[in-house]
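Novice:
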Amino acid sequence: MTDTILFLLVDGLTNGLVYALLALSLVLVFTVTRVVNIAQGEYVMLGALTLADLLQGRMPGTLYLLVGGLALCVLLDAPRWRRDWRRALAFAGGLIVAAVAAVALTRGALALQLPVIGMMAVALVLVAPIGVLIYRFTVHPIPNATTIVFVIISVGVSMIVQGLGLLIWGANPYPVDPIASGGLMMGPVFIPYQSFAILIVALLSMGGLYLFSEFTLMGKALQASAMNRLGAQFCGIPVNMAGGLAFLLAAAFSAISGMLLAPLITANYEMGFMVGLKGFVGAAMGGLVDYPLSLVGVMIVGGLESTSAYLASAYRDVLVFSLLIPILLWRNAKQRVETR
Amino acid sequence: MGARATLALAVSAVLLIVPWILPSFYVGIFAYAGIYALAAIGLVLLLQAGQISLGQAAFMGLGAYGSALVARAYGVDSLLTLVVSVAVTALVAAAIGYITLRLRGHYLPLATLAYGIALASTFTAWHDVTGGASGLDKIPPLGLFGYMLVDDRLYTQLIWIIVLLAVLGLSWLRTSRVGRAIATLESHDGMARSFGVDTTILRVKVFVFSAVLAALAGGLYVHLLRFVSPSPFGLLTSFKLLIMAVVGGPVSAAGGVVGALTLESAQWALQDLLARWGASGNLEVIVFGIILVVMLLRWPQGLWPAVERFLPRPALRSREGEGLPTRVLQADRDAVLLDLKDIGIRFGGLKALEGIDMVLKRGEFVGLIGPNGAGKTTLFSIISGLQRQTSGSVTLFGEALPSSHSIVRRGMARTFQHVQLVPELTVIENVALGAYWRTESGFVRGLLALDAAENRQVLASAQAALERVGLGAEADLLAASLPLGKQRIVEIARALVADPQILLLDEPAAGLRFSEKLTLVRILRQLQAEHVTILLVEHDMELVMGCVERLVVLDRGRIIAQGSPADVQANPAVIAAYLGGSRDKAA
Amino acid sequence: MRVVSVAAAVAALMVSTAAMAADKPELRIGSVVAMTGPASALGLPEKNALELLQEQIAADTSLPFTIKFITYDDGSDPTKAVNNVRKLITEDRAHVVICCTTTPTSMAILETVTQAKVPNISLALGQSVIEPVKDRHWIFKTPSTDQLQVTGLVDDMVKRGIKKVAFLGLEDSFGEGGWIALQSVAKAKGVEIVASERFSRTDTNFTPQALKVRQASPGAVYIHAIPPSSALVHQALKRVGYTGPIYHSGGSANNAFISIGKKDVDGALLGTTPVLVYTDLPDSNPLKPVISKFAALYEKRFNVAKVDIFPGQSWDAGNVAIKAAADAVKAGAKLDDVDASRAAIRDKIENGIKEFVGVGGIFNYSPTDHLGLDARSTFISVVKNDEFRLYDAK
């Protein structure tokens, strides 16, 4: 009995940590831009598949997305050419340099055959900017749209990115090497080192975000925009900078989560969406605005998922997603004071 | 009959003939397009009400499984099972809606996503009953008393009759009492409640109706395909329905039909094109995603407005005859109508209001003034029930303040500092909202156009109110097209239609031209003569001093002076507050 | 809308004149497979094989007709499958339909092809697609059934003296097919099912189900899933300390299974079609040359290391259709008379395909058997040193 509980706990928490990085991304994006990003899980997929490609010595298909996105950026900038061609040229030049640098970096990494951690860093550099690109394409043009419009847009983004994932990588799963193979027997329970790696990387990422937002100017600007968009704007914080930054960081966190998850379940084009949604269920606990409560939420989701898979495996998704209802009711009760 | 109605009839006739002349393959597509249109129309209504559902397909599934399983297992006539299954879905939706629709903003899409997935998973997991992922065949066709509807063309025609009826009903609803209230739900919740709309219940009703359309679509689907499995009721279908609603245009039920037809034809055209180019089907999802994003970025109103531009304008609803009966107020000047005792409110550490004691008697005309940020608007929000005070009590007509949507029923109406008109409605429709609490035609009466007599009375009253404030000629313009000053006057007209005993005016003169101010003053004097009690917040001192009998001065959340205009003007504390010197005094 | 039908008529006319110009009638083989959606891992290879067949057959001048292949995607969605099959039947006027990849889609189109009287060759596993045969007059299929494969595996369990088996399967129609088959076979062979757990392709954690299964202490575990989850569940079983034999369905019979499962799946037993183990077959086995040829073609054309079982299914379906059509034409059927030739082709599939050696086995269709395969076409394969090997020489 104890080993059952131990097993369920270890795996539930491991999953919880993966969802935690997602929840973090979701809260970050929501607080700064008011976007409920249904597409957040797709970065999980991009991160995992990019890493899979790099580890197998292939140029990752993510480069198509990145370079294509940068090109589209230049195209969208076209109206500026007539008004101010110098800056437009500089902008286009900058993006071209970025694209070339991304390709060069990838080639270099492949040539050097970096270890897993190194490849993860490279994959991160390739995936995170896609977050900014998506911000540029879908949020930046309509800064004052309602929550609902952003939700629908993110549904579209999810369809596009997942479709592109299938197009680029196909339906096959790709095995991914763990950061450290092997594991540890703790009593009756075998815990793979990857679980520890997930714990460490997740904690480091969260710590990093904390340090970044508390101790850097950019981080503080981000916090300010999260608290009060308009106010931050009046204080000279460009809203688009803050929004782009939020999307960048969120993409990075989700990609990390994908790279940690991939060794456990392989990388494939449809792996991200559900993970993203489970991150949402957890983040709902904190109302999409509260980091610590979101972490509690994802741990509950991980634990419940694990337990319900054990007790009634056919109904585990029903149970996990039904959990949202009591969570929301609880949130609602908390909010009650504001209106009658 | 109006030109628009004639055209609608002609289009309907064409749509009903189409199934009989199409090649049989296209009949199938046309039938499914109709089914999706029905579910998409439900989504359009939801979007109009500022709601969203990422689980619409799950309700289709409930309707489908409910009807199919019972009809298959017990041999009950499938038309009956369809009706029952739609009714059961309505109950489920009411329960889900009651829980989730209290949630505002960003929770709602998540909640709909969650129950969408939970329901779809149940269809798979409950293998013994639903046939699981493999599905169940031998679902009986639609039938009643032994008659079986097996002719695909006839079936398709039936589907489209239902679609057209839904569009017709919703277009009737749109101009009804409830329809006007639905239009407020997207972004004018507080205003709607101030005029007596129980927005929570109305949201649930909209949600239930939308689920009913989905369930009906699901039932029609399953007896047409005669095979049921979970995959058509998954997330992807919910997304597809959303795309249809967005592409067609979430502004009119007809948009749902346009969207469904567009998307279904696009899908088949795309498939042919992709097959010809030898590209695999993956691109389809990507293209749909791009369509969705681009539509929302560029044409958030969808295709329908582009179609509607070429259509004749809809006939206006009649506003002839008598308006609603109005009450005559007594001249009992001693009756205390509104009594505030020790009101305080805190936002976090900030005390926005503290120790406010104030009384309004019948027929009084009281001005509430104070520098910006003194707490005037917050006090208004508390009085009109939109915000709850942290301490103290509000008594209205001798009773505790009821919930916000019941206040207008007791006889208190208000205007808003930030104009709260629904931009998509015409001026007269906005004004008619004021009479919401005085009328009772509900959702169903609106759908079936059984509200004609009452609606005529409401519009007559609204027209009269508009003429009283000098905007009779602008009645049929869109509210958004009026300049801000006139919009404020429309707000007053709307409050007048509510036939109030107490009128709360929040900066009604801001942005008004001189002539408009004169009109305002004239109306205020008239109202006073009719013994209406008025509480006025205003920065235009000349106007305030010229009208009110009594002044209350707020500064930093406290009342610093009360009395006749002359006394207050002479009060040193007031002078200090307005000149910015009050800091020293308060300290 | 009249315009549409006129246009269709004109198009049909042009098609037929084009065919006449080539001096040979045209055989139209329409297929609908799941190129997208949950079953795309099966549907894409199936589409590839049809493409390959088209390329191969183009060079073949010995046939009494030219062949046009029309392939659509159903996105694993029954509605789309039905509409596409209707399109094939009424618009493209296909003589034979090959549809569909999954059991639900194949079930959904039964009504359509039966009413239109068009022979259909399904690529789904489910037995219910072709049985009861009297209701499935127009339906055939090429993939081995779950029933056939599970029978082989359960026989092996019985031989080892195993009395209790636990089931782990995907919660989609594929997994369900396995569950249904195992239930009936186990009952017939007197083996008790002591646990039944479900999971999905996108799950991130399989330990709880594995744990539950281990605690039911079965003598063997049967996993009915496809990679990655089949391999991941296998690993999870090892991790929670299960040491007994683990059987898999043919769904795991591809290279991803080994590359994901690595050492953990060593010793896994798979019920499979001959494709997976043909190299281990004795040269005397008639299947060996046929599969070798197909494998070489497919692996070269699509640049894959080793062909798996799915492309062979549509390849066989295409070949069966062509063979039957050729027989029908030889017997006097006129392909231009679409309705009559559809019926003629159906009869030739049912009665003319005897000892037909395909990639998936040796087919003998008959009025009582629309699967046409028998025990000669099912094998058990074992994973040994990262390779699928033949488990017991038949």
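Which chain is which? The protein sequence lines are S, V and U, in order.
The first sequence begins at 23 in this note's numbering and counts up one residue at a time.
The second sequence begins at 8 in this note's numbering and counts up one residue at a time.
The third sequence begins at 5 in this note's numbering and counts up one residue at a time.
Ideal placement from N, C-alpha and C gives every residue a C-beta, glycine not left out.
Where does ILE347 (chain S) fall in DSSP's three states?
Specialist: helix
Novice: Assign LYS388 (chain U) to one of two classes, buried (16 or more other C-beta atoms within 10 Å of its C-beta) or exposed (fewer than that).
Specialist: exposed
Novice: In angstroms with no decimal places, state the Cα-to-Cα distance between LEU177 (chain V) and ASP340 (chain U).
Specialist: 51 Å
Novice: So if DSSP puts LEU156 (chain V) in a beta bridge, which residue, or which two residues, is it bridged to?
Specialist: V:LEU149
Novice: Check the Cβ of MET281 (chain S) against every Cβ in chain V and list those closer than 7 Å, keeping chain order.
Specialist: The contacting residues do not exist; MET281 (chain S) stays about 24 Å from chain V at best.
Novice: How is the beta strand (DSSP E) around LEU375 (chain V) delimited, first residue to last?
Specialist: 372–376
Novice: By DSSP, does VAL387 (chain U) sit in helix, in strand, or in coil?
Specialist: Taken through DSSP and simplified to helix, strand or coil, VAL387 (chain U) comes out as strand.
Novice: Relative to the C-alpha of SER468 (chain V), which candidate in V:GLY564, V:GLN396, V:ARG326, V:LYS348 has its C-alpha closest?
Specialist: V:ARG326
Novice: May I ask which residues mark the beginning and end of the alpha helix (DSSP H) holding ARG11 (chain V)?
Specialist: 10–28
Novice: Quick check on DSSP: helix, strand or coil for VAL367 (chain S)?
Specialist: Absent from the model: residue 367 (chain S). The displayed extent of chain S is 23 to 362, so no value can be given.
Novice: Any beta-carbon of chain S closer than 8 Å to the one on GLU175 (chain U)?
Specialist: Chain S, which has a Cβ nearer than 8 Å to the Cβ of GLU175 (chain U), makes this yes.
Novice: Let's test the definition: count the other Cβ atoms within 10 Å of the Cβ of GLY365 (chain U) and tell me whether it reaches 16, buried, or not, exposed.
Specialist: With 16 or more Cβ atoms within 10 Å of its Cβ, GLY365 (chain U) is classed as buried.
Novice: Which residues of the region 316–348 of chain S have a Cβ closer than 7 Å to any Cβ of chain V? Give them in chain order.
Specialist: Residues of the region 316–348 of chain S that bring their beta carbon within less than 7 Å of a beta carbon in chain V comprise ALA336, TYR337, ASP339, VAL340, PHE343, SER344, LEU346, ILE347, in sequence order.
Novice: What does TYR39 (chain V) reach in chain U if we use C-beta pairs closer than 8 Å?
Specialist: Residues of chain U passing the Cβ test: THR83, ASN87.
Novice: Run through the region 377–405 of chain V for me and flag every whole beta strand (DSSP E) of 3 or more residues, listed as ranges in chain order.
Specialist: 398–403
Novice: Return the residue from the list S:LEU231, S:GLY204, S:GLY230, S:ALA284 that minimises the CA-CA distance to VAL198 (chain S).
Specialist: With distances taken between Cα atoms, VAL198 (chain S) lies closest to S:ALA284.
Novice: Would DSSP call LEU357 (chain V) helix, strand or coil?
Specialist: strand
Novice: What's the gap between the Cα of GLU447 (chain V) and the Cα of ILE414 (chain V)?
Specialist: 16 Å
Novice: Are the beta-carbon atoms of GLY255 (chain V) and ALA47 (chain V) separated by less than 8 Å?
Specialist: Yes. Within cutoff.
Novice: Hey, how far is the Cα of ALA439 (chain V) from the Cα of TRP306 (chain V)?
Specialist: 30 Å
Novice: Is ARG243 (chain U) close to chain S? Criterion is C-beta to C-beta, closer than 8 Å.
Specialist: yes
Novice: Say the cut is 7 Å; is the CB of PHE306 (chain U) nearer than that to a heavy atom of the ligand ATP?
Specialist: The ligand ATP is not among the ligands present in this structure, which contains no ligands whatsoever.
Novice: Bridge partners of VAL225 (chain U), per DSSP?
Specialist: U:ALA170, U:ILE250
Novice: Looking only at C-alpha atoms, which of S:LEU282, S:MET281, S:LEU286 sits nearest to GLY265 (chain U)?
Specialist: S:LEU286
Novice: What separation, rounded to the nearest whole angstrom, lies between the Cα atoms of ALA25 (chain U) and GLU180 (chain U)?
Specialist: Reliability of the predicted coordinates at ALA25 (chain U) is poor, the pLDDT of 46 falling under 50, and the value obtained from them is presented with this limitation in mind. For ALA25 (chain U) and GLU180 (chain U), the distance between alpha carbons rounds to 50 Å.
Novice: Can you pull out the residues from the region 51–65 of chain S whose beta carbon lies closer than 8 Å to at least one beta carbon of chain V?
Specialist: PHE52, ARG56, VAL58, ILE60
Novice: On the CB-based measure, 16 or more other CB atoms within 10 Å of its CB, does GLU556 (chain V) come out buried or exposed?
Specialist: exposed
Novice: When you compare only the Cα positions, how much space is there between ALA348 (chain U) and ALA337 (chain U)?
Specialist: Whole-angstrom Cα-Cα distance: 7 Å.
Novice: Excluding the five sequence neighbours on either side, which residues of its own chain have a C-beta within less than 8 Å of the C-beta of ILE347 (chain S), listed in chain order?
Specialist: none
Novice: Below 7 Å CB to CB, which residues in the same chain sit around LEU360 (chain V) once its five sequence neighbours on both sides are set aside?
Specialist: ILE350, GLY351, ILE352, GLY382, THR385, LEU386, GLY564
Novice: Closer than 7 Å, Cβ to any Cβ of chain V: which residues of the region 166–183 of chain S, in chain order?
Specialist: THR169, ILE170, VAL171, VAL173, ILE174, ILE175, VAL177, GLY178, VAL179, MET181, ILE182
Novice: With LYS297 (chain U) as the anchor, note down where its alpha helix (DSSP H) starts and where it stops.
Specialist: 291–306
Novice: Would you say PHE203 (chain U) reaches chain S, if we count a Cβ-Cβ gap shorter than 8 Å as a contact?
Specialist: yes
Novice: Ordered along the chain, which non-local residues of its own chain (more than five positions away) have a Cβ less than 6 Å from that of GLY38 (chain S)?
Specialist: VAL320, MET321, GLY324
Novice: Let me know the secondary structure DSSP gives ASP279 (chain V) once reduced to three states.
Specialist: helix
Novice: Give the residues of chain U in contact with PRO239 (chain V), contact being defined as C-beta atoms less than 7 Å apart.
Specialist: ASP81, PRO82, THR83
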